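For reference, the structure discussed in these notes is given below.
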Amino acid sequence: MSHTVVAHSHEEYRSTRLPDIKLMMWIFLASDCMFFGSLIGSYLVYKDRSLVGPYPIDVFDINLTTISTFVLLMSSFLMVLALHELRVGNIKLFRLWTFGVAFFGSIFLGFQIFEFSHFVQEGLTLSQNLFGTTFFVLTGTHGVHVTIGVLLLLSLLIASYVRPVAAKDSVYLEVVGLYWHFVDIVWIVIFTVVYLVEFV
Amino acid sequence: MAIGRQTAAAGHAGVLTRPTWTTGWASWLTTVDHKRLGLLYICTSFLFLGLASVEAFLMRLQLARPEQSLVSPDVFNQLFTMHGVTMVFLAIMPLGIGFANYFVPLMIGARDLAFPRLNAFGYWVYALSGVFIYTSFFLGGAPDAGWFAYAPLTSLSNNPGNGIDFYMIGLLVSGVGTLVTAMNLIVTIINMRAPGMTFMRLPLFVWMMLITAFMIIFAFPPLTIALFQVIMDRTFGTLFYVPEAGALPILWQHLFWIFGHPEVYIIILPAFGVISEVIPTFSRKPLFGYPIMVLSGIFIAFMGFAVWSHHMFTTGLGPVANTAFSLTSFVIGIPTGIKIFNWIATMWGGHVRFAVPMLYATAFLLTFTLGGITGIMLAIPPLDAQVQDTYFVVAHFHFVMGGGALLSFLAGFYYWFPKMTGRLLPEGLGRLGFWLIVPGFYLIFWPQHFAGLLGMPRRIQTYEAGIGLDLYNLMSSAGTFVMGAGMVIVIFSAFWALRKGRLAGDDPWDGRTLEWATSSPPPHYDFDVVPEVNDRDPVWLLKHPHLVERRDPISESVDPDHSPPKHVEQVSIHIPGQSWYPFIASFAIFLGSYGLLFHNLLLGLFSVAVLFYACYAWALEGVGGHHEHIELEPAVGGPA
Chain X
1 MSHTVVAHSH
11 EEYRSTRLPD
21 IKLMMWIFLA
31 SDCMFFGSLI
41 GSYLVYKDRS
51 LVGPYPIDVF
61 DINLTTISTF
71 VLLMSSFLMV
81 LALHELRVGN
91 IKLFRLWTFG
101 VAFFGSIFLG
111 FQIFEFSHFV
121 QEGLTLSQNL
131 FGTTFFVLTG
141 THGVHVTIGV
151 LLLLSLLIAS
161 YVRPVAAKDS
171 VYLEVVGLYW
181 HFVDIVWIVI
191 FTVVYLVEFV
Chain F
201 MAIGRQTAAA
211 GHAGVLTRPT
221 WTTGWASWLT
231 TVDHKRLGLL
241 YICTSFLFLG
251 LASVEAFLMR
261 LQLARPEQSL
271 VSPDVFNQLF
281 TMHGVTMVFL
291 AIMPLGIGFA
301 NYFVPLMIGA
311 RDLAFPRLNA
321 FGYWVYALSG
331 VFIYTSFFLG
341 GAPDAGWFAY
351 APLTSLSNNP
361 GNGIDFYMIG
371 LLVSGVGTLV
381 TAMNLIVTII
391 NMRAPGMTFM
401 RLPLFVWMML
411 ITAFMIIFAF
421 PPLTIALFQV
431 IMDRTFGTLF
441 YVPEAGALPI
451 LWQHLFWIFG
461 HPEVYIIILP
471 AFGVISEVIP
481 TFSRKPLFGY
491 PIMVLSGIFI
501 AFMGFAVWSH
511 HMFTTGLGPV
521 ANTAFSLTSF
531 VIGIPTGIKI
541 FNWIATMWGG
551 HVRFAVPMLY
561 ATAFLLTFTL
571 GGITGIMLAI
581 PPLDAQVQDT
591 YFVVAHFHFV
601 MGGGALLSFL
611 AGFYYWFPKM
621 TGRLLPEGLG
631 RLGFWLIVPG
641 FYLIFWPQHF
651 AGLLGMPRRI
661 QTYEAGIGLD
671 LYNLMSSAGT
681 FVMGAGMVIV
691 IFSAFWALRK
701 GRLAGDDPWD
711 GRTLEWATSS
721 PPPHYDFDVV
731 PEVNDRDPVW
741 LLKHPHLVER
751 RDPISESVDP
761 DHSPPKHVEQ
771 VSIHIPGQSW
781 YPFIASFAIF
791 LGSYGLLFHN
801 LLLGLFSVAV
811 LFYACYAWAL
821 EGVGGHHEHI
831 ELEPAVGGPA
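What follows is the structure, given as structure tokens:
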């Protein structure tokens with residue numbers, strides 16, 4: 001055939017403008033709402049039902065937790081900066097802010113480890129009372145989420161040194177960012193219903 | 201049709217390369233093709249269906265006569281637990297997902313799911329978690345606390361064996377597989393519809409799968425958390441379900457049924473989808489009331505999350521809660537009734553052909569309606585209090601699950617078998633199987649209504665002679681032979697047809713939807729050219745324009761940017777490469793489950809390490825695969 005017309009399907013047709021991976025993250029987060037909803041629900045059902053101490057008011061240090069909450073919320077701010085810098089192609093600042101997010105996330109995790117070990121010293125363990133059971137499982141699950149987020153961020157950071165990155169790769173960072181902001185929002189809920197209500 | 205020619209993909213090299221087997225066992229372990237995975241799902245779920253049937257058969261043998269002791273109470277507990285777990289999680293739900301895997305991409309004109317490797321991961325997690333749960337029979341006894349595993353029956357002090365751990369860990373892992381597959385289906389259906397395939401042109405089966413997938417992502421997390429809590433209780437000494445510490449075992453029931461009731465619809469909505477494909481095709485009429493069928497499905501999904509406490513009428517929630525959940529349970533009967541009437545209206549005035557799929561679809565209509573009527577009865581709290589935990593409830597949910605889901609999946613099996621294999625199932629044997637399965641089913645479960653009304657309790661290994669239960673139980677047990685014989689005929693005829701069945705051709709039923717526009721079985725790239733869709737019944741529109749009402753003049757317009765190029769003589773399709781990592785990742789989870797169960801730290805750490813390796817290798821392997829060059833015959837631009 002003299003002039004064969006070839007249709008290539010590299011750029012696969014999509015029905016919406018949303019990249020698959022971003023849509024996937026939104027759907028995962030919808031599902032994750034139910035995970036945390038069930039855990040927070042269990043916490044609330046068992047609130048004030050512990051038969052022995054220590055009780056929340058005995059162990060909570062609201063100043064400390066407020067600081068770690070602030071650090072986590074600021075990491076979300078850095079996340080926005082990192083995504084912005086990647087989109088405008090400023091790879092250096094992208095790396096700096098991405099590292100900043102992971103670093104702030106790690107500080108939050110450090111606070112959590114400190115808090116957990118402190119609580120254990122005060123006699124609050126997983127099997128001490130219902131407060132210990134529900135508190136550690138809820139905040140621990142959140143901590144695991146933050147850990148996974150830090151791993152994802154560090155992986156993206158390392159990948160940016162192995163393979164050149166450009167603005168068109170920003171969807172990956174955006175997806176991790178969605179996850180990160182979600183985990184932050186969940187912490188705001190946990191901070192409110194677990195910590196703050198004890199002090200009103 | 202078209203002749204394929206392959207070339208290796210250039211410019212897709214990743215850090216790691218991908219395997220390229222096309223035949224042999226390794227090609228099945230590494231496959232990411234939605235059709236192969238669909239077949240694996242369907243075969244695996246039939247295997248588990250067989251195991252669950254053996255368990256049911258043993259129970260019926262024990263109950264055939266009063267005061268028998270063929271099966272000890274302890275084994276009986278394991279049998280009814282495993283029968284329920286297998287049917288719900290390992291047989292019927294994956295059967296629907298298997299059909300979805302195979303047919304959703306074909307029906308929407310896509311070449312695969314959005315995340316093919318994740319799809320493979322979902323399958324292997326499901327299959328291996330099934331194997332994991334079944335190894336409990338050899339490793340300290342199967343779970344024996346019922347498929348709902350009410351706390352505190354599952355606490356370490358009440359149930360020290362390994363069975364409960366197998367249940368909790370196995371279902372948690374299997375839930376992960378179901379969740380990722382559901383997410384994958386949602387992305388696929390939202391994002392990968394062919395040009396012109398608007399939401400209101402999606403085949404009903406695709407619609408029902410989309411709704412089902414949304415139900416899965418909202419319903420499985422509460423179950424996962426509940427399972428996780430019991431695992432924590434049994435492994436790390438937490439107090440979630442320890443009443444002595446002030447815990448409320450009712451929390452398990454709430455979390456379980458917030459999952460468990462939607463699960464009923466997760467099983468039945470794909471079945472509704474299959475019926476909505478079969479009935480119009482064999483009535484030669486477009487589906488009656490398409491928009492209201494879609495909206496009913498969505499309404500069922502919403503209401504499915506608002507009725508969970510009707511499983512808990514006798515737990516003392518109080519009259520207000522009981523009334524509220526009774527009302528919501530009545531309301532959910534409305535959209536279901538609408539669907540039944542629309543199917544009947546589709547048949548009304550059509551040229552109905554009673555081929556085997558249509559026989560099953562018709563039997564489904566009757567059986568599901570009968571099960572729905574007893575469902576309305578059970579939604580009345582005073583009546584529920586009378587028949588709670590009796591065989592009346594057993595009869596009810598077998599009518600909706602067995603008569604509803606299983607019969608419609610058999611309809612789907614007969615309907616789509618020619619598309620999947622290229623050969624027709626023998627019609628005579630199919631009719632014989634049908635006339636054994638459906639009357640056998642009624643012989644088993646119809647008498648159970650009466651046994652239940654007489655007060656025969658479920659989950660009890662035997663019953664006293666001479667209290668009016670003997671005949672009903674004998675009938676039930678006799679029915680298992682009849683229905684079992686029918687199932688054996690279905691399986692046998694499938695194997696026979698694989699080799700000797702009549703060749704089906706592309707479109708043996710005069711089908712309406714896009715899967716009938718490609719060859720049987722479809723090529724691994726599904727379509728030569730992604731078709732352009734102008735109607736709800738696009739294949740009928742081409743073949744019989746007079747059968748299709750053109751409801752929607754906008755349907756002519758397809759976004760010109762996205763329509764496939766016209767007058768193309770050759771297309772080049774990128775086929776993604778296979779991958780080992782979905783299998784390796786799920787195998788690591790499988791090993792890790794044993795590590796958690798036997799408190800083996802070394803095995804646990806090893807499997808976590810393997811899982812990490814698999815995740816990173818997954819991310820780092822390139823796209824791989826090859827390009828398929830397809831020469832199109834002149835003047836043929838695909839089905840559109």
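Line by line, the protein sequences are chains X and F. Residues in the first sequence are numbered from 1 upward in steps of one, following the working numbering. Residues in the second sequence are numbered from 201 upward in steps of one, following the working numbering. Think of the CB as a built atom: it goes at the ideal place given N, C-alpha and C, for glycine as much as any other residue. It should be emphasised that the depicted structure is a prediction, and the values quoted were computed from it without experimental measurement.
Any C-beta of chain F under 7 Å from that of methionine 34(X)
yes
Histidine 596(F) vs glycine 571(F) beta-carbon contact at 7 Å:
yes
With distances taken from CA atoms, which of Asn358(F), Tyr350(F), Asn362(F) is nearest glycine 340(F)?
Asn362(F)
Cutoff 8 Å; reference alanine 819(F); Cβ partners in own chain excluding five residues on either side:
none
Counting only the same chain and skipping the five closest in sequence on each side, list residues whose C-beta sits under 7 Å from that of histidine 511(F).
Trp457, Gly460, His461
Do you know whose CA, among Phe798(F), Leu832(F), Ala817(F), Ile775(F), lies nearest arginine 311(F)'s CA?
Ile775(F)
Around the C-beta of serine 793(F), are 16 or more other C-beta atoms found within 10 angstroms, so that it is buried, or is it exposed?
buried
Please state if the CB of glycine 633(F) and the CB of glycine 686(F) are separated by a distance shorter than 7 Å.
yes
Can you check whether the C-beta of phenylalanine 436(F) is within less than 7 Å of a C-beta belonging to chain X?
yes
Does serine 31(X) have its Cβ less than 7 Å from a Cβ in chain F?
yes
For glycine 668(F) and isoleucine 416(F), the rounded distance between their alpha carbons
42 Å
Comparing C-alpha positions only, which one of Ile637(F), Phe440(F), Gly296(F) sits nearest to valine 688(F)?
Ile637(F)
For a cutoff of 7 Å on Cβ pairs, would you count arginine 736(F) as touching chain X?
no
For serine 245(F) and alanine 291(F), believed in contact at Cβ under 8 Å, the rounded distance:
5 Å
How would you list, in chain order, the residues of chain X whose beta-carbon sits under 8 Å from the beta-carbon of glutamine 429(F)?
Ser42, Val137
Threonine 590(F) in three-state terms, based on DSSP:
strand
Glycine 375(F) CB to nearest chain X CB: under 7 Å?
no
With histidine 829(F) as the anchor, note down where its beta strand (DSSP E) starts and where it stops.
826–831
Should valine 183(X) go down as buried or exposed, given a rule of 16 or more other Cβ atoms within 10 Å for buried?
buried
Can you give the Cα-Cα distance for lysine 235(F) and aspartate 726(F), rounded to whole angstroms?
9 Å
Whose Cβ in chain F lies nearer than 8 Å to the Cβ of isoleucine 27(X)?
Met383, Ile386, Val387, Ile417
So, does the stretch 541–555 of chain F touch the stretch 477–488 of chain F, judging by three or more C-beta pairs under 8 Å?
yes
So the alpha helix (DSSP H) proline 491(F) belongs to, where does it begin and stop?
490–504
First and last residue of the uninterrupted alpha helix (DSSP H) at histidine 649(F)
627–653
How many Å lie between phenylalanine 332(F) and lysine 92(X) at the Cα?
48 Å
Of the listed residues Leu801(F), Pro723(F), Phe436(F), nearest to proline 305(F) (C-alpha basis)
Pro723(F)
Does the distance from the C-beta atom of tyrosine 560(F) to that of leucine 625(F) stay below 7 Å?
no
Among Thr662(F), Ile580(F), Phe505(F), nearest to tyrosine 591(F) - alpha-carbon criterion
Thr662(F)
Would asparagine 391(F) count as contacting chain X if we go by Cβ distances under 7 Å?
yes
So, does the CB of tryptophan 180(X) fall closer than 7 Å to a CB anywhere in chain F?
no
Let me see if you follow: with CB-CB separation under 7 Å, is serine 9(X) close to chain F or not?
Annotation note: pLDDT 47 at serine 9(X) (below 50); position unreliable, no value reported.
At the 7 Å Cβ level, is threonine 16(X) part of the contact set with chain F, yes or no?
yes
Run down chain C in chain order and give the residues with a C-beta less than 8 Å from the C-beta of arginine 87(X).
Absent from the structure is chain C; the protein chains it does hold are X and F.
Do phenylalanine 119(X) and valine 71(X) have their C-beta atoms closer together than 7 Å?
no
Below 8 Å on C-beta distance, what does glycine 425(F) contact in chain X?
As written in the sequence, residue 425(F) is isoleucine, which differs from the glycine given in the question. Simply Phe35, Ser38, Leu39, Ser42.
Excluding the 5 residues flanking threonine 220(F) on each side, which residues of the same chain have their C-beta closer than 7 Å to its C-beta?
Gly777, Gln778
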